[in-house]
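Chemist:
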Amino acid sequence: MKLRNEKAETGHLLSFISKSEQSDNFSLFFPVEGLAQFDTLLEISKGFEKCLEAWPGIYDYRGYSISGYGEMEKTFPEIDANRIFIFEQSEFLSDTAKFIEPFGNALLKRFIEKQKQVFPNIVTGAMAVGSGFYDREDAIKNIWEMLRKGKSILFRAPRRFGKTSLLNHVSRNPADGWRVCFVDLEGGDSSEKFVEKILTAMLARESFDPYLPEHLSGDRIYSKTEGEQLAVLRRERQLIRDNWKQYAEKLFSQMEHLPEDTRFLFILDEISFLIEDMLERTPETEKNISELLNWFYYFRKGLKKIRFVLSGSEHLPTFLSAFRIDGHLDDLEKAHLGLFDTETADEFIFLVLAGQKIVTSKSEIDLIRTLIGKPIPYFLHLFLDAICRTCKEKKSLSSNEIESIYFHHLLGSESKRYFESITKQLDRYQRYGSRTTAGAKSILDKLAQSENPVETKELESIWRQTTGDSERFNIMLDIMQDDFYLSKDRNQHISIDSKLIKDWWLRHGIAGLR
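Counting from 705, one number per residue, gives the positions in the sequence shown under the working numbering.
(1) Following a CB-centred definition, is Gly1143 positioned closer than 8 Å to any heavy atom of the ligand MG?
(2) Which residue's Cα is closest to the Cα of Trp882: Gly836, Gln1153 and Phe970?
(3) How many Å lie between Ala861 and Ser976 at the Cα?
(4) For the stretch 1028-1038 and the stretch 856-870, state whether three or more C-beta atom pairs, one from each stretch, are separated by less than 8 Å.
(5) Do Ala1039 and Asn846 have their CB atoms nearer than 9 Å?
(6) Arg1004 lies in the alpha helix (DSSP H); which residues open and close that run?
(7) Should Leu786 go down as buried or exposed, given a rule of 16 or more other Cβ atoms within 10 Å for buried?
(8) Is the distance from the Cβ of Ile1106 to the Cβ of Ile1072 below 9 Å?
(9) Does DSSP classify Glu1155 as helix, strand or coil?
(10) Which of the three DSSP states is assigned to Trp1209 in this structure?
(11) For Ser1202, is the classification buried or exposed, using 16 other Cβ atoms within 10 angstroms of its Cβ as the cut-off for buried?
(12) In the DSSP assignment, what residue or residues form a beta bridge with Arg967?
(13) Name the two residues that bound the continuous alpha helix (DSSP H) containing Ser769.
(14) Please classify Val833 as buried or exposed, where buried requires at least 16 neighbouring CB atoms within 10 angstroms.
(15) Around the C-beta of Asp1207, are 16 or more other C-beta atoms found within 10 angstroms, so that it is buried, or is it exposed?
(16) Okay, do the stretch 1075-1088 and the stretch 1046-1057 touch, 3+ Cβ pairs below 8 Å being the bar?
(17) Taking Arg1073 as part of the alpha helix (DSSP H), name the residues at either end of that continuous run.
(18) Going along the chain, which residues of its own chain have a beta-carbon closer than 7 Å to the beta-carbon of Ser724, five neighbours each way excluded?
(19) Below 8 Å on the Cβ atoms is my contact criterion, and I expect Asp1089 with Thr828 to pass it. Report the Cβ-Cβ distance as a whole number of Å.
(20) Please classify Glu900 as buried or exposed, where buried requires at least 16 other C-beta atoms within 10 Å of its C-beta.
(21) Need the endpoints of the alpha helix (DSSP H) that Arg1093 sits in, please.
(22) Measure the C-alpha to C-alpha separation of Gln942 and Phe1188 and round it to an integer number of angstroms.
(23) Exposed or buried, what is Leu707 when buried is set at 16 or more other beta-carbons lying within 10 Å of its beta-carbon?
(24) Output the distance between the C-alpha atoms of Val822 and Pro1021, rounded to the nearest integer angstrom.
(25) Pull up the DSSP beta-bridge partners for Pro914, would you.
(26) Quick one, which of Arg909, Ile1062, Leu1075 and Glu1124 has its alpha-carbon nearest Leu1101's?
(27) Quick one, which of His1112, Gln1169 and Ala830 has its alpha-carbon nearest Leu1204's?
(28) Taking one C-beta from the stretch 1166-1180 and one from the stretch 1138-1153 each time, how about it: are there three or more such pairs within less than 8 Å?
(29) Using a threshold of 9 Å, state whether the C-beta atoms of Glu960 and Ile1010 are closer than that.
(30) DSSP state of Ala830, grouped into three classes?
(31) Near Ile1214, which residues of its chain fall below 7 Å by C-beta distance, leaving aside the five closest residues on each side in sequence?
(32) Just curious, the alpha helix (DSSP H) that Ala843 is in, first and last residue?
(33) Along the beta strand (DSSP E) that carries Glu1037, what are the first and last residues, could you check?
(34) Can you grab the Cα-Cα spacing for the pair Ile1076 / Phe1003, in whole Å?
(35) Could you name the residues that DSSP lists as bridge partners for Arg860?
(36) Using a Cβ-Cβ cutoff of less than 7 Å, which residues in the same chain neighbour Leu1115 once the five nearest sequence positions on both sides are dropped?
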């Protein structure tokens, strides 16, 4: 997206005049090489005008035919030349229906809400931030509504749904009156590490300087050298080991007793991993987990200014139950992150490809979504990345090309690194028993090779034959629903609900993960 394009002298300008102080005026300029396409452009103009009905009272709309872009400021002085966005995806002009229906509204919505970040970025590794973070407004609104009511939250979602990206977005965009600290608990394996990770996150945020205990005044990690940072953490780590409960209570006490109206939110991401990793340490670990969760429950109940979002996998309660651990989660409001709905997924596919100047029809977008199955955000990013890398020099896609990219690129060896988390998660199942990983693989083998859902009793028989165990089957099935998107129908029959995972397991899992 560019602000000026001096070479494009002719085109059509759609100007949006704000009726609200909260919104800025802006214009879209569609460049063309000659005047022959103006009829098509006028149709697009009418299509956008219809889309504006979704924002009544926010914008007025005007359309202009431009024959001299360089002279536009003189010809139309009411237009802000610094707020003109050049829409270079002119390939869409050859098929107006393809452009306006059904995705014109999505495009205009992105212009109004994002403007310079209209087209989403593809994210295949790190957290989705900026324009790579798409949709999720309802989930974010729901989180803040719960917090304003004084509730702490247990926020759960299956893997690869974008839970961490959403919570990172919340931490970067706090509501008025809130200071937010994002704490990544992955890699922690003890109560002491739990407190240490919270401390490190607080020290790394300048906004928390005024609220740290007095003895930490001046220990701003973000402004120190690496050696100085290690010295501070080494000193505090010993204090935490001496008495982690007392240290944690002191760490939060300054915030809790401030007279001002500021509220504090601590996002404790991946608490599931912390608890699971604690289990691998010592025979006393189950007792230690219970001690941590029990202390944390009674501690947070007494707080007035501080709230928590604990995030983890859907199977967290089942996991705790499997080891007879009381999670003390009853006081937490429950929030879940779901899939993109079909409309949102289609809009996302359209906008990503439009940003790469790749023309797609509704039928081609339907095919992309059909091939991967459930629109799990991470898998959408992976498929679109494969499409964009393969079609660098192309401006359009055929159905055959889309299918070829899916089977030869997304499911090919070049993309295997993106699915490494599957093998890692299977290895983690060893904590439930020495044959548990083998049992999980045998269940996936059966489900991947079956065209129809499989009876639960048949899977249980396969599990017993592989593991020699019957007690943990239901628990592991619940955990696998989270990790591998298994679903159970009304007849208690099980299937893999993600077509991509099923196809990937057929190609790589059955033969390759033994």
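We put the CB at the ideal spot given by N, CA and C, even for glycine. All of these numbers come straight from a predicted model, not from anything done at the bench.
Modeler: Let me spell this out:
(1) Although the ligand MG was asked about, the structure shown includes no ligands whatsoever.
(2) Phe970
(3) 11 Å
(4) yes
(5) yes
(6) Thr989 to Lys1005
(7) The question names Leu, yet the displayed sequence has Asn at residue 786. Exposed is the call here.
(8) yes
(9) coil
(10) helix
(11) buried
(12) Its beta-bridge partners are Trp882.
(13) Note, Ser769: premise wrong, no alpha helix (DSSP H); beta strand (DSSP E) at Tyr763 to Ile770.
(14) exposed
(15) buried
(16) yes
(17) Start and end: Lys1066 to Ile1076.
(18) Ile762
(19) 5 Å
(20) The C-beta of Glu900 has 16 or more other C-beta atoms within 10 Å across all chains shown, which makes the residue buried.
(21) Pro1081 to Thr1094
(22) 40 Å
(23) At Leu707 the pLDDT is 39, less than 50, meaning the model places this residue with poor confidence; the figure from the coordinates comes in the next sentence. Counting Cβ neighbours within 10 Å, Leu707 comes out exposed, since fewer than 16 surround it.
(24) 39 Å
(25) Partner(s): none; Pro914 has no beta bridge.
(26) Ile1062
(27) His1112
(28) yes
(29) yes
(30) The DSSP-derived three-state label of Ala830 is coil.
(31) Asp1149 and Ala1152
(32) Glu841 to Arg852
(33) Glu1037 to His1040
(34) 44 Å
(35) Gly1016 and His1040
(36) Asp1207, Trp1208 and Arg1211
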